[in-house]
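All remarks here apply to the structure that follows.
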Amino acid sequence: MRKIVIAGLLTGLLISAMLLSACQPKKPESVKMQEEAVKTVVDKMTAKFGREYRKRISTGVEQVSKFWNEADGDADAMLAFCLENFIADEAELGKAFQHLESAFEVLDGLMVEQEREFQWHLQVDTGPVLPIDYLLANFSLASHVEDDLYKTRIAFFVLLNYEVKTLDDLIKSGNNWSRQKWAEIRLAQSFTSRVPSEIAQKRYETYVKADDYISNYNIYMHNLLDENDQRLFPEGLKLITHWGLRDELKAQYAEGDGFPRQQMIWNVMQKIIFQEIPKVVINNPDVDWKVSTNTVSGASTDKRREPDTRYAMLKSTFLAEKAVDPFYPMYPTKIDRRFQQDREIPEKTVKGLFTELLSSKEFKNTGKLIEKRLGRELQPFDIWYKGFRSASKYSERELDEIVAAKYPTVAAFEADIFNILQKLGFSLETAKFLASKIEVDPSRGAGHAMGAGRRSDKAHLRTRIPAGGMNYKGFNIAVHELGHNVEQVLSLNRVDHTILQGVPNTAFTEAFAFVFQKRDLELLGLAEVDENREYLDALNQIWSTGEIAGVALVDMAVWHWMYANPDATPAELKDAVIQIARDVWNQYFYPVLGHKDTPILAIYSHIIDGGMYLPDYPIGHIIQFQIEEYIKEKNLAKEMERMCIQGSITPTLWIRQAVGDDLSVQPMLKAATKAIKVLS
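Start counting the sequence shown at 47; every next residue gets the next number (my numbering).
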């Protein structure tokens, strides 16, 4: 199915060995018979429609044959279907496309809306979660859609009449295709798999379970005790891992006495990574936890550690993906699907971008400058150094108070989206339209954006707002999610073909989210003039991109390890993840920050529930930098709309048409070189 339905087809629990063995590719004898049947069908269709159509016929029949199985009928049944449903006339083929595009917009939209509504009480803070909410969240109509589209032969009609292109074809020839041609190819690429509904459903359930596990992994910071039994954090501060913990650690750079709190957060992270954290302290406000000695006191003194649950969740997502592998002939592993299908950027290219940045003298010199600015030896957690932002006269606490007064509720933030968009340069008419298409919900998790699937629906922005009002970190995240939403609305509602809705991959929507997030103080009216801002931004970009590139390399290596060791236990997987994180650290970060064998890169929650999602973030940062460089002295809003309405063409073509250049870290490195020279 198309990307938006694939997003709804996420997940599954463990699939039995019997089922896996039953799903292995056909034996060579069967393939040979199939080839003979294909040739017979092609010959008879050529006789009916004419030799001028033989190439199209051959392509279509071959595509159909890859997914035709015994339940669909014998060779005669396939022949009859192909003879009856092949369209030779170009005008009629164009009309068929219009009908399919309209139908799929409705179908995709319904799948998004059903998933959103059935997961509502797990994702949106509506009060205590009820047992029925888990059952509802596990239900997915989308899990059956792909299977049903084959059973009703709609999928076979598409495969017979429209050509599926490989990634190489897209990259080499896409620049010469019309928009109609692009839309037809994207339609055909909706059917590169045929996953049985029961397996798709189990995969979906697995990701729901993993997401729920992460969404409720909170630490009550006031309950943490240091070596002297002192509480370092304010009462009521509840932080989700890893996002909340990381952002609180970042905030402490602005505090004169923040170092001990940063050290405590890092100690908490290590307990999570090594699964030494007492299970009772997770999402529990009724116990105190002395982190240094790992002792618990209060309503419970249960000292049992979390039993490798973190890695059991990761293991289950791997097995769920492995179960669907046999049903993707073009993309037989999750790794293939992520890079060849979802990102449409070869893994070798992605890894090359990350290693080029992390191995650069600019990244190393940025680390030296950070050490000089901090006036102390660098620590592992300084990968999240936040000091390159323009100086502000406001402390984090003052920013919290300002934001809380401005946005006491979710409704208050939603009501202000219209004004926020105007501040970003959107016209009165466009800002009004975009605001009407975005709804804000109180999130249980850190926050996220969920786009619509059809133009009659709205995008949803999820953000966490405490009882006392939104805090600054929450505002920063909400502005990030708003960037996603604006992209989602523009690339659905103002693209010429809804079949091309969206951007090439998740990294591109992340890029726009970063563009918005960077302007958070401006949107509050608190940004100050700083002659060094351009240079500070350049160093902030290379440092933050390097950090998340390291995490992405860990994520990629972990999936390769799981495929090489499919029978590993959660405990063995834990050891592997930690070792991979240490290896990446030692290769790229140890030369810059020191502290050999640091496992900090393993803390990201996306590793557990994201299905190798993390590489999209550093790619997004790289794209963002190129966009930011391009829109200097230009109107952000107009340029964003121009870029978004290109739709989901290949990343290579999209970035060229957007900024006139290829995807590259060189602009970031050049800007960092200049910035280091000036600021040193």
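We put the CB at the ideal spot given by N, CA and C, even for glycine.
With a threshold of 16 other CB atoms inside 10 Å of the CB of K296, please say whether the residue is buried or exposed. Counting every other CB atom within 10 Å of its CB across the protein chains shown gives K296 a total of 16 or more, marking it as buried.
Is F400 closer than 8 Å to A584 when the C-beta atoms are compared? Going by C-beta atoms, A584 is not nearer than 8 Å to F400.
Please name the residue or residues paired with N264 in a DSSP beta bridge. I286
Three-state secondary structure (DSSP) of V724: helix
So what's V486 in DSSP terms, helix, strand or just coil? strand
Rounded C-beta distance between I677 and E685? I'm assuming under 8 Å. 5 Å
Are there 16 or more other CB atoms within 10 angstroms of the CB of K394, so buried, or fewer, so exposed? exposed
Should T347 be labelled buried (16 or more other beta-carbon atoms within 10 Å of its own) or exposed? Result: exposed.
For M686, the first and last residue of its enclosing alpha helix (DSSP H): For M686, the enclosing alpha helix (DSSP H) begins and ends at 682-690.
In the segment 505-583, which residue ranges form an unbroken beta strand (DSSP E) of at least 3 residues, counting only runs that do not cross its ends? Correct list: 505-509.
Going by DSSP in three states, R389 sits in which element: helix, strand or coil? helix
For I319 and A622, believed in contact at Cβ under 8 Å, the rounded distance: At roughly 13 Å, the Cβ-Cβ gap does not stay under 8 Å, so A622 and I319 are not in contact.
Is the Cβ-Cβ distance between A188 and M124 less than 8 Å? In this structure, M124 does not lie closer than 8 Å to A188 by Cβ.
Pairing CB atoms from the segment 339-346 with CB atoms from the segment 200-213, are three or more of them under 8 Å? no
Could you check the C-alpha separation between L572 and I669 for me, to the nearest Å? 27 Å
Which whole-angstrom value is the C-beta distance of Q165 and V254, which I expect to be below 8 Å? 7 Å
Along the chain, which unbroken stretches of the alpha helix (DSSP H) at least 4 residues long are found entirely within the segment 404-491? 407-420, 442-452, 456-469, 474-482
Cβ atoms of I245 and I654: under 8 Å apart, would you say? no
CA-to-CA distance, P426 to A627, given in whole angstroms: 12 Å
For the putative contact between L725 and L415, defined by C-beta atoms under 8 Å, what is the C-beta separation to the nearest angstrom? 7 Å
Whose C-alpha, out of F434, L682, K439, E147, is nearest the C-alpha of V561? Answer by Cα proximity: L682.
Tell me whether the segment 516-530 and the segment 553-568 touch, counting them as touching only if at least three CB pairs, one residue from each stretch, are closer than 8 Å. yes
Nearest CA to the CA of L404: which residue from Y636, N115, E151, M157? Y636
For P550 and A696, believed in contact at Cβ under 8 Å, the rounded distance: According to the sequence shown, residue 696 is Thr rather than Ala. With a Cβ gap of about 6 Å, T696 and P550 count as contacting.
Going by Cα to Cα distance, which pick from A117, V604, V541, S111 is closest to G693? V541
If you check the beta carbons only, do P661 and A704 fall under 8 Å apart? no
One question on the structure: do Q563 and N517 come within less than 8 Å of each other, judged by their Cβ atoms? no
Distance cutoff 8 Å, beta carbons only. Does L271 sit that close to anything in chain D? This model lacks chain D altogether; it includes just one protein chain.
So if DSSP puts A25 in a beta bridge, which residue, or which two residues, is it bridged to? Lying outside 47 to 726, the shown extent of the chain, residue 25 is not represented and no answer is given.
Cβ neighbour criterion (16 or more within 10 Å) applied to V77: Model confidence at V77 stands at a pLDDT of 46, short of 50, so the residue's coordinates are unreliable and nothing is read from them.
If we ignore side chains and look at the alpha-carbon of each, how far apart do A256 and L360 end up? 8 Å
Are at least three pairs of beta-carbons, each pair with one atom in the segment 192-204 and one in the segment 102-121, less than 8 Å apart? Taking 8 Å as the limit for Cβ pairs, the verdict is that the segment 102-121 does touch the segment 192-204.
Have a look at R240, A614, A300, A229 and flag the residue whose alpha-carbon is nearest the alpha-carbon of S441. A300
Assigned secondary structure, S343 (DSSP; H/G/I helix, E/B strand, else coil): strand
If you compare alpha carbons, which of S236, E230, Q144, K284 is closest to A513? When only C-alpha atoms are compared, the closest one is K284.
For V87 and V107, I'd like the C-alpha separation in whole angstroms. 7 Å
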